[in-house]
Amino acid sequence: MVVGNAAVGGFGNQSDFAGQIGTAYGTSANTEVYLNTAWAALPEVLNSTVGRQGLNLGSYILARPDFTSFYSQDRWDNGAYLMDGLKTGTYGFGGITINGFVGRFGATTSTGAAVQPVLVGAVNPSRVLGGQIGFNLGSVAKLTGTYVNLDGDAGPVNRQEIYGVDGDFNIAGLGFKGGYGKSVRKFNSGTISDTDNVRYNVSTSILGGVNVGYDHIEQNYSAPGDWGRTGVFRNLVDVNRFTADLGFSINPKWHVNGGYTSNKAILGAGETKGWNVGLKTALTPKWQMMLTHENTQFDGGFQGFGPGSFARFSTIWLDYDAGSNSLLKLFYQVGDTSGLLPTPGAGPAIGNQKGGFFGMQYGIKF
């Protein structure tokens, strides 16, 4: 059960990026109440669970982004969309596993506000069904095939079918992850779009801890996933993306991490280049501090943005070790964007934004 004036309206629903544009965090809203999860196990019915529960099928297929990386709350951070429905248990035979699910999206609060709206391009789905099949090929590979049918009520596109095969591989001692998928837009049973709708991706770890990855995501690939953030934008399409990141400890008290991301348009023009760096240290046996900075540049008219557009963020966290059942953190973030978003209250024109906010979070589990 969730109760508060920041449950949805005051802090955003945390599922829809468009809903975050112009959102003033901290704005008071009406006190709202909603049921977060409530489900029952049915071991005699396909070992199923039924009720309001989370659904996460992988980053490129169905996973809810974390829009507030500075804020720790499992109901927003677990990557799952709330579904009212049924999930079967996983059944295995001869190295093959299968499971299925069917349900509805659309949980609302006591005031009727959507808790976790699911948006897939032009489709705002109300219903979902599908399944997964897994193949265990021993030490060589583990594959998972996924089919999802997302169904809505309004046209001109009211259905989205998503197919994917993802796996972990080990070839000649090199471990890597890879996947392939496509999405098909439909109106009822008729296909609206089935071209330029493929994604494939591969990633691995090299040189003792450098993680590198490559994604090819075409302009009509559409899924409610969480395959990456570029500046203030999520899940870019029509891109070839390269990522690299690493982290290492200087000594027991100091840890450094950094990363680089580039996106090059497939059919369009332009590119983005971005880097980030972070430093984490123990101030005392109880207090830890982390500093991060990121800078993303948009060049060459990438997806229609003007030259010199950028997004920069600097954040400081202070975490206090209050025990396994308590949480205390303080954070301050400064953001600076140019040429990417409309200025709140100034109409649709793209402008410049600069500002910061301070927050404190305290939690107790019991």
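Counting from 0, one number per residue, gives the positions in the sequence shown under numbering that gives the first Met the number 0.
Each residue gets a CB set at the ideal place from its N, CA and C atoms; glycine is no exception.
Residue i and residue j look like a contact to me (Cβ under 8 Å); what is the Cβ gap, rounded to whole Å?
i      : j      : result
Val122 : Asn157 : 6 Å
Gln332 : Phe312 : 6 Å
Gly269 : Asp298 : 6 Å
Ile132 : Ile95  : 7 Å
Ile265 : Leu290 : Between Leu290 and Ile265 the Cβ distance is about 35 Å, and since that is not below 8 Å, they are no contact.
Gly178 : Asn200 : 5 Å
Thr229 : Thr271 : 6 Å
Would you decide whether residue i is buried or exposed? Buried here means 16 or more other CB atoms lie within 10 Å of its CB.
i      : result
Phe301 : buried
Phe92  : exposed
Val119 : buried
Lys252 : exposed
Glu217 : buried
Val127 : buried
Tyr220 : buried
Thr194 : exposed
Asp152 : exposed
Pro124 : buried
Ala171 : exposed
Spatial neighbours of residue i within its chain, please: CB distance less than 6 Å, with the 5 preceding and 5 following residues excluded, ordered by chain position.
i      : result
Tyr361 : Leu327
Leu329 : Leu317 and Met359
Ala40  : Thr48
Glu160 : Asn148 and Val183
Asp65  : Asp76
Arg74  : Asn35
Asp83  : Arg51, Gly102 and Arg103
Please list the terminal residues of the continuous beta strand (DSSP E) segment that includes residue i.
i      : result
Arg198 : Val197 to Ile205
Asn294 : Trp286 to Asp298
Thr194 : Element bounds for Thr194: n/a, residue is neither H nor E.
Val211 : Val209 to Ile216
Tyr146 : Ala140 to Asp150
Trp253 : Trp253 to Ala264
Asn351 : Ile349 to Ile363
Phe134 : Arg126 to Asn135
Asp335 : Ser325 to Pro341
Leaving out five residues on either side along the sequence, give the residues of the same chain with a beta carbon under 7 Å from the beta carbon of residue i.
i      : result
Ser58  : Gly224, Asp225 and Trp226
Ser248 : His254
Leu45  : Thr87 and Gly88
Asp320 : Lys285
Keeping to the same chain, check which residues put their C-beta closer than 8 Å to that of residue i; ignore five residues upstream and five downstream.
i      : result
Phe186 : Gly154, Pro155, Val156, Asn157 and Arg158
Give a yes or no on whether the minimum CB-CB distance between residue i and chain B is below 8 Å.
i      : result
Trp274 : In the displayed structure, chain B is absent; only one protein chain is listed.
Requested in this report: Would you list, in sequence order, the uninterrupted beta strand (DSSP E) runs of no fewer than 3 residues that lie entirely inside the segment 25 to 111?
Outcome: 31 to 33, 37 to 41, 47 to 54, 80 to 86, 90 to 92 and 95 to 103
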